[in-house]
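K.L.:
Just dropping this structure here.
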Ligand code: ADP
Ligand code: MG
């Protein structure tokens, strides 16, 4: 069987130029323009839409402008009209059994005048437009009924994405259809063997791979189109899942960590005497999950998801105390200096007089101070080190790292995170990654399919729901008044401006203008205003932050540097300027900066009058809900996965057809089956899984960059 396959020269390996109708010059164009090198590439580049050739419209039924329709009608007369600017246009009067329509050409009038044949029947395809108040089509696709081949085959004609070069070399959709059609006609099932086990195909009622490829290009019905698309989507996701689940098993086999078997003095003392509040049930639940994981000698790889303000920091601290109880060091990495600093302060102050050494490290810790920290870390004197990506530098050496925690992990690159895991020679540290941006389940399945996930789905008690209000510029005076009254109650206020790198100068100017305007309404010395933005030196930023934290200043004007994790419970108003320029998850993060204390909090979304449709939807979503998971779902639908959370780098989301915002059912089915297969046959050794194993191997070679996600 195998020998047979090896001897069979697969038609799909044919270099593109050897296909009928292509040749060296066009072959080169395919390669250069579309990265299509072989027959296989050609067939696996799918159409992005179809022209419905299954039926003809009646002229009298033409309704809406913008519809793409197909007509079969006879040319009655043509008319060349001289335009004012010496350009002529051509109109052609056509008729079918139901009525008349006049089509129009603005270019090539003379040539068309010669080639169009009055009295002949044509198949016409195009988009209905209005011209001089009449429904017409400009520059429709035309074909004489007597010449028509494809058009009369009653199918959906595929339309492929193309480039200008392709078109000028005569490689338009029509040409491509012809090439693909003849290739498909010569294709046998041996050329395109099945890749899924028969029992999966049967169970899910999906079509064969051979049919899928035939139908994705030339479906003869909506049903065939749907079957083909579903089959391809399933496969796109299925192998990713197999691969993620396998790598999880592989990792459990390869990476061993120290089992934290004891819960000792550090944890117990803290839990019984230092804990500033009762933990929520959700916090207790996730600590239990983490504890169980860390008790094993397989490496923990866990994602902790919890909305902003759900109390992840205390969970992280309790887990670190378990590690210390077992004689290990811990590190906690945060994406910004402000956030790392804040973790450091909150953790040292929670610990109080407990005998735990906590150190801080970032790029701004230099000289002698740095040397001392590094040597104490190496000697095992430091128990917990908190810092920025400075922690992953080679000079940072641990005595015995047992637990590595990454906060807001999506802000780090894969390589950055991976180098943290390698800080131990023999045993790998247990890993906990945390995110405050809830991720829709479908996205989590894709990105974190190889991680275990814990979710804190409950906020600490006593929080009042943040009131979110959208206001236009005209309400500025009202806003200022409101700010005055809140400050009079002793509250503090954030005012946030967008900062986008491309327009950084302009944005900083906006922030500066906004600051100066606020100074007029909140003058010194009665009021004090902090300003923080990414261009400031860390030292100055800290100073400004500190003034806000200790309530010297009532207002903080900032860019999104305060987005992640900043915790000032007395701040109860978040004003967001130019709201339309922020993404949904960013807005949600920003809003999470307030509502941290007992006071009623407000989030005020300021916009100009002109807001795009999508911008309006984002704002409406913010006003409607405070639930991070709901917002993440909306974000995924609005933007697609590409933009979310630096996911571009992972290469895990390069799907041709699958849309993770919409194809939840297919994804669930694929994951479900993948889990069952991997549980049953982790190495895919059984004969019925031979196909899957081959596919996964191929994908592994193709996607070498499918690095570990965590
Ligand atoms: P996040 O999950 O966004 O990192 P934090 O850990 O910063 O949230 O916690 C937000 C605030 O809630 C902090 O002020 C923290 O002290 C407080 N907090 C955390 N857990 C509880 C709890 N169980 N009860 C009351 N307050 C809590
Ligand atoms: Mg946090």
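Numbering (the numbering used here), first residue to last: 163 to 872.
All residues carry an ideal CB built from backbone N, CA and C; glycine is no exception.
Please report the straight-line C-alpha distance between residue 451 and residue 174, rounded to a whole angstrom.
P.N.:
The residue you call residue 451 lines up with position 289 of the chain shown. The residue you call residue 174 lines up with position 12 of the chain shown. Approximately 49 Å between the Cα atoms of the pair.
K.L.:
Report yes if the C-beta distance between residue 850 and residue 400 is below 8 Å; otherwise report no.
P.N.:
Counting from 1 along the chain shown, the entry for residue 850 is found at position 688. Counting from 1 along the chain shown, the entry for residue 400 is found at position 238. Not a contact, by the Cβ cut-off of 8 Å.
K.L.:
Alpha carbon to alpha carbon, how far is residue 282 from residue 218?
P.N.:
To locate residue 282, count along the chain shown from 1; it is residue 120. To locate residue 218, count along the chain shown from 1; it is residue 56. Approximately 17 Å, taken between the alpha carbons.
K.L.:
Between residue 335 and residue 326, what straight-line distance do the alpha-carbon atoms span, to the nearest angstrom?
P.N.:
Indexing the chain shown from 1 puts residue 335 at position 173. Indexing the chain shown from 1 puts residue 326 at position 164. So the alpha carbons of these two residues sit roughly 12 Å apart.
K.L.:
Would you kindly check if the distance between the Cβ of residue 395 and the Cβ of residue 825 is under 8 Å?
P.N.:
Along the chain shown, one-based indexing puts residue 825 at 663. Along the chain shown, one-based indexing puts residue 395 at 233. Yes. Within cutoff.
K.L.:
With residue 230 as the anchor, note down where its beta strand (DSSP E) starts and where it stops.
P.N.:
Here residue 230 is taken as the residue at index 68 of the chain shown, counted from 1. Note, residue 230: beta strand (DSSP E), 230-244.
K.L.:
When you compare only the Cα positions, how much space is there between residue 733 and residue 195?
P.N.:
As a position in the chain shown, residue 733 is number 571, starting the count at 1. As a position in the chain shown, residue 195 is number 33, starting the count at 1. Distance between the alpha carbons of residue 733 and residue 195 is about 54 Å.
K.L.:
What does the alpha-carbon distance come out to for the pair residue 473 and residue 553?
P.N.:
For the purposes of this step, residue 473 is taken as residue 311 along the chain shown, with counting starting at 1. For the purposes of this step, residue 553 is taken as residue 391 along the chain shown, with counting starting at 1. The alpha-carbon atoms of residue 473 and residue 553 are separated by roughly 24 Å.
K.L.:
Could you give the uninterrupted runs of the alpha helix (DSSP H) lying entirely in the region 284-359, keeping only those of 4 residues or more?
P.N.:
Runs found: 326-330, 335-347.
K.L.:
Give the straight-line distance between the Cα atoms of residue 454 and residue 424, rounded to the nearest whole angstrom.
P.N.:
As a working note, residue 454 is residue 292 in the chain shown. As a working note, residue 424 is residue 262 in the chain shown. Approximately 11 Å between the Cα atoms of the pair.
K.L.:
Within the present structure, is the beta-carbon of residue 569 separated from the nearest heavy atom of the ligand MG by less than 7 Å?
P.N.:
Taking the first residue of the chain shown as position 1, residue 569 is located at position 407. Yes, Cβ of residue 569 sits closer than 7 Å to a heavy atom of the ligand MG.
K.L.:
Under DSSP, the beta strand (DSSP E) around residue 736 begins and ends at which residues?
P.N.:
Numbered from 1 along the chain shown, position 574 holds the residue referred to as residue 736. Note, residue 736: beta strand (DSSP E), 733-738.
K.L.:
Quick one: is the Cβ of residue 598 within less than 7 Å of any heavy atom of the ligand MG?
P.N.:
Mapped onto the chain shown, residue 598 falls at position 436. Because some heavy atom of the ligand MG lies under 7 Å away, the Cβ of residue 598 counts as near it: yes.
K.L.:
How many whole angstroms separate the CB atoms of residue 495 and residue 551, which I take to be in contact at a CB cut-off of 8 Å?
P.N.:
The sequence position of residue 495 within the chain shown is 333, counting from 1. The sequence position of residue 551 within the chain shown is 389, counting from 1. That belief holds up - the Cβ atoms of residue 495 and residue 551 are roughly 7 Å apart, short of 8 Å.
K.L.:
In chain order, what are the residue ranges of uninterrupted beta strand (DSSP E) at least 3 long that sit wholly in the region 537-586?
P.N.:
List check, beta strand (DSSP E) in window: 546-549, 563-568.
K.L.:
Are there 16 or more other CB atoms within 10 angstroms of the CB of residue 515, so buried, or fewer, so exposed?
P.N.:
If you number the chain shown from 1, residue 515 lands on position 353. The residue is exposed, with fewer than 16 neighbouring Cβ atoms inside 10 Å.
K.L.:
Once you ignore the five residues that flank residue 444 on each side, which residues in its own chain have a CB closer than 6 Å to its CB?
P.N.:
By 1-based counting over the chain shown, the position of residue 444 is 282. Closer than 6 Å at the Cβ level, and outside the excluded window around residue 444, lie 618, 619, 620.
K.L.:
Return yes when at least one heavy atom of the ligand ADP lies under 7 Å from the C-beta of residue 747, else no.
P.N.:
Looking up residue 747 in the chain shown gives position 585. It does not: the Cβ of residue 747 is nowhere closer than 7 Å to a heavy atom of the ligand ADP.
K.L.:
What would DSSP say about residue 671, mapped onto helix, strand or coil?
P.N.:
Taking the first residue of the chain shown as position 1, residue 671 is located at position 509. Helix at residue 671.
K.L.:
If you follow the alpha helix (DSSP H) that residue 601 is in, where does it begin and where does it stop?
P.N.:
Walking along the chain shown from the start, residue 601 turns up at place 439. Run containing residue 601: none; DSSP gives neither H nor E here.
K.L.:
DSSP on residue 510, reduced to helix/strand/coil?
P.N.:
Here residue 510 refers to the residue found at position 348 when the chain shown is read from its first residue. If DSSP states are grouped into helix, strand and coil, residue 510 belongs with the helices.
K.L.:
Would you mind reading off the limits of the alpha helix (DSSP H) that contains residue 829?
P.N.:
Taking the first residue of the chain shown as 1, we reach residue 829 at position 667. From DSSP, the alpha helix (DSSP H) with residue 829 extends over 826-842.
K.L.:
Could you tell me whether any non-hydrogen atom of the ligand MG is closer than 7 Å to the CB of residue 442?
P.N.:
Translated into the one-based positions of the chain shown, residue 442 becomes position 280. No, the Cβ of residue 442 stays beyond 7 Å of every heavy atom of the ligand MG.
K.L.:
Taking the alpha carbon of residue 793 as the point to measure from, which residue in 746, 772, 437, 362 has its own alpha carbon closest?
P.N.:
Here residue 793 corresponds to residue number 631 of the chain shown, with the count starting at 1. The shortest Cα separation from residue 793 among 746, 772, 437, 362 belongs to 746.
K.L.:
Leaving out the 5 sequence neighbours to the left and right, which residues in its chain are closer than 8 Å to residue 357 when beta-carbon positions are compared?
P.N.:
Within the chain shown, the letter at position 195 stands for residue 357. The residues are 371, 397, 853, 854, 856, 857.
K.L.:
Quick check on residue 671: buried or exposed, where buried means 16 or more other Cβ atoms within 10 Å of its Cβ?
P.N.:
Counting from one through the chain shown, the residue named residue 671 turns up at place 509. Residue 671 should be labelled exposed.
K.L.:
Answer yes or no: do residue 569 and residue 790 have a C-beta to C-beta separation smaller than 8 Å?
P.N.:
Along the chain shown, one-based indexing puts residue 569 at 407. Along the chain shown, one-based indexing puts residue 790 at 628. It is not a contact, given that the beta carbons lie outside the stated cut-off.
K.L.:
Using only the alpha-carbon positions, how far apart do residue 638 and residue 758 sit?
P.N.:
In the chain shown, the residue the question calls residue 638 occupies position 476. In the chain shown, the residue the question calls residue 758 occupies position 596. Near 25 Å, if we compare the C-alpha coordinates of residue 758 and residue 638.
K.L.:
Please report how far the alpha carbon of residue 788 lies from the alpha carbon of residue 750, in whole angstroms.
P.N.:
Position 626 of the chain shown, counted from the first residue, corresponds to residue 788. Position 588 of the chain shown, counted from the first residue, corresponds to residue 750. So the alpha carbons of these two residues sit roughly 8 Å apart.
K.L.:
Quick check: is any heavy atom of the ligand ADP less than 7 Å from the C-beta of residue 331?
P.N.:
Numbered from 1 along the chain shown, position 169 holds the residue referred to as residue 331. No, Cβ of residue 331 sits at least 7 Å from all heavy atoms of the ligand ADP.
K.L.:
Between 719, 711, 581, 702, which lies nearest to residue 675 when the distance is taken from Cα to Cα?
P.N.:
If you number the chain shown from 1, residue 675 lands on position 513. With distances taken between Cα atoms, residue 675 lies closest to 719.
K.L.:
Can you have a look at residue 319 and say buried or exposed, based on whether 16 or more other CB atoms are within 10 angstroms of its CB?
P.N.:
Numbered from 1 along the chain shown, position 157 holds the residue referred to as residue 319. Counting Cβ neighbours within 10 Å, residue 319 comes out buried, since at least 16 surround it.
K.L.:
How close, in whole Å, do the beta carbons of residue 626 and residue 767 come, if the pair is a contact with beta carbons under 8 Å?
P.N.:
Walking along the chain shown from the start, residue 626 turns up at place 464. Walking along the chain shown from the start, residue 767 turns up at place 605. That pair is no contact at about 19 Å.
K.L.:
Going by other Cβ atoms of all chains shown within 10 Å of its Cβ, with 16 needed for buried, is residue 692 buried or exposed?
P.N.:
As a first step, residue 692 is located in the chain shown; it is residue number 530 there, counting from the start. Residue 692 comes out buried.
K.L.:
Between the region 590-597 and the region 424-434, can you find at least three pairs of beta-carbon atoms closer than 8 Å?
P.N.:
With a cut-off of 8 Å, the region 590-597 and the region 424-434 do not count as touching, because too few Cβ pairs lie within range.
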